[in-house]
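Working notes for the structure below.
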Amino acid sequence: MHKNFYDQQLERVNTAKLRYIEIYPLSGMPQLIAGFTTRFGGVSQGDYATLNLNFNRPEPLENVRENYRLLSEDLNIPLNNMVLSHQTHTNNVMVVTKEHGGMGIIRPRTYTDIDGILTSESNLMLVTLYADCVPIYFFDPVKKVIGLSHSGWRGTVKNIGGQTIKKMVSEYGSDPSDIHVSIGPHIRDCCFEVGSEVVKEFWDNFSFAPSYIKPKSEDKWVIDLEGIIFECLIRQGVDKKRIYGCSICTRCNKDTFFSHRGSGGKTGTGAAFLMIRG
Ligand SMILES: [Zn+2]
6 MHKNFYDQQL ERVNTAKLRY IEIYPLSGMP QLIAGFTTRF GGVSQGDYAT LNLNFNRPEP
66 LENVRENYRL LSEDLNIPLN NMVLSHQTHT NNVMVVTKEH GGMGIIRPRT YTDIDGILTS
126 ESNLMLVTLY ADCVPIYFFD PVKKVIGLSH SGWRGTVKNI GGQTIKKMVS EYGSDPSDIH
186 VSIGPHIRDC CFEVGSEVVK EFWDNFSFAP SYIKPKSEDK WVIDLEGIIF ECLIRQGVDK
246 KRIYGCSICT RCNKDTFFSH RGSGGKTGTG AAFLMIRG
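For the sequence shown, position 47 matches number 52 in our numbering, and the numbering has no gaps at all.
Right under this line is the structure:
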């Protein structure tokens, strides 16, 4: 087993309003702010209740804007100091700087099709969005670089986790064995049921895939995305002692997290956030 599991409190009460999940061990590091939002504390209604952070949902834009304002106020980080990815299930990873501050949230992006973002700048919060897909957090304490990548099943097949490590090496000279990688809440193998076409994609790409795919019924399988991501990271040179899993399944806890599978696709998205303190 390549997994280090740590119990995570399901509802970490940060303030009276919003609640976050701590990301072990990054949330405990004094130089970082790291977390994952829950549904609590926002203004959205119905299927999007309450802290939907996705502007591409059929609900009033002012609700999403207000949710970001609440997040900004609660974390005490100006929206100008946050950068949002543009997620389309690619394995594209981009370096962002202060020049990108506010993009995707309070001003238009200058980039598209970016599922992973990296920075070495302090006071610049990386933000990526989720409703079951796997959030991957990266931190190189030697080169002082952070990253966030969105790894749904398509991104996992394209090895966005490994691509992010490669980019940290090429852009910042990171040594993969220095990098801490933590996984956030996502749909786990209790719930991530797929058909043969998805299984084939994994089998075609990874020799180790059969160890992480189990039959569920005659034509359904369940996939352990986290396990596959771990294998890819280890092959990229990450030390398995620095890879940390997350035992929380978003679909099993759909009252706490937005879950695409748990809602028949009608849902909002929560966010992973990561920042180097100034
Ligand atoms: Zn589950």
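Each residue gets a CB set at the ideal place from its N, CA and C atoms; glycine is no exception.
Contact set for residue i: own chain, Cβ-Cβ below 8 Å, skip 5 residues either direction
| i | result |
| --- | --- |
| K221 | E198, V227 |
| S77 | P83, L84, M87 |
Buried/exposed call for residue i, threshold 16 Cβ in 10 Å
| i | result |
| --- | --- |
| E231 | buried |
| C195 | exposed |
| T133 | buried |
| K259 | buried |
| T42 | buried |
| C65 | The residue asked about is misnamed: residue 65 is Pro in this sequence, not Cys. That one is exposed. |
| D137 | buried |
| S212 | exposed |
| Q50 | exposed |
Enclosing beta strand (DSSP E) for residue i [first to last residue]
| i | result |
| --- | --- |
| F41 | 37-42 |
| Q267 | With the sequence shown as reference, residue 267 is identified as Gly, and Gln is not the correct amino acid for it. Note, G267: premise wrong, no beta strand (DSSP E); not H, not E. |
| I110 | It is not in any beta strand (DSSP E) - I110 carries neither H nor E in the DSSP assignment. |
| D137 | Premise fails: D137 is in no beta strand (DSSP E) and is neither H nor E. |
| F197 | It is not in any beta strand (DSSP E) - F197 carries neither H nor E in the DSSP assignment. |
Closest residue to residue i among the options (Cα-Cα distance)
| i | options | result |
| --- | --- | --- |
| K171 | R159, G152, V162, K246 | G152 |
| V101 | D120, T124, R112 | T124 |
| Y29 | Y135, T261, P65, V186 | V186 |
| H94 | K163, C251, N128 | K163 |
Neighbourhood of residue i by C-beta distance below 7 Å, restricted to the same chain and skipping five residues each side
| i | result |
| --- | --- |
| G46 | K22, L23, R24, T55, L56, L75 |
| G166 | I141, S154, S156, I234, C237, L238 |
| C257 | C195, C196 |
| M173 | L123, F143, D145, V150, G152, S179, I184 |
| H265 | A136, D137, T272 |
Cβ-Cβ distance between residue i and residue j below 9 Å
| i | j | result |
| --- | --- | --- |
| V48 | N59 | no |
| M130 | I184 | no |
| I38 | F278 | yes |
| T255 | H191 | yes |
| R62 | T261 | no |
| L80 | M108 | no |
| I281 | N128 | yes |
Unbroken alpha helix (DSSP H) run spanning residue i, endpoints
| i | result |
| --- | --- |
| V203 | 201-210 |
| E64 | Note, E64: premise wrong, no alpha helix (DSSP H); not H, not E. |
Contact set for residue i: own chain, Cβ-Cβ below 6 Å, skip 5 residues either direction
| i | result |
| --- | --- |
| G121 | V98, S154, I165, T169 |
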